[in-house]
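A short write-up of the structure that comes next.
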Amino acid sequence: MTEQEKHILHYSFLALGLSVLSVFFVLFRFDTRAQLILAALGSLYYVLWGIIHHALEKRLNRLTIFEYILFGALVFLLIFSVLSL
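For the sequence shown, full-length UniProt numbering begins at 1 and goes up steadily by one.
What follows is the structure, encoded as structure tokens:
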């Protein structure tokens, strides 16, 4: 498998996972608690995907882990603040 095919496969998993979570987010549009749980799961999925992706690429370091955790937390907090209005 070439490097380009590996990248396509990795990003396909990310897109598929986040797409499924987005569909459920819309399906539960009237249940704020379920949406918060889905937002947390989506953020966790993104963080874990990023860490696994960089580990497979042998480019994982503390800064990369911190970046994914920080961005995942930021997105979750933004969704949390919007849903709390």
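Positions of the beta carbon are idealized from the N, C-alpha and C atoms, including for glycine.
For the alpha helix (DSSP H) containing residue i, name the first residue and the last one.
i	result
residue 57	Counting along the chain, residue 57 falls outside any alpha helix (DSSP H), and DSSP gives it neither H nor E.
residue 30	Run containing residue 30: none; DSSP gives neither H nor E here.
Could you work out which residue in the options is closest to residue i when comparing CA atoms only?
i	options	result
residue 63	16, 47, 6 and 38	47
residue 42	2, 29, 66 and 25	25
residue 44	29, 61, 73 and 53	73
residue 15	54, 2 and 50	50
residue 18	58, 40 and 30	40
residue 5	20, 57, 23 and 30	57
residue 7	53, 35, 27 and 66	53
For residue i, which three-state DSSP category applies?
i	result
residue 76	helix
residue 85	coil
residue 64	helix
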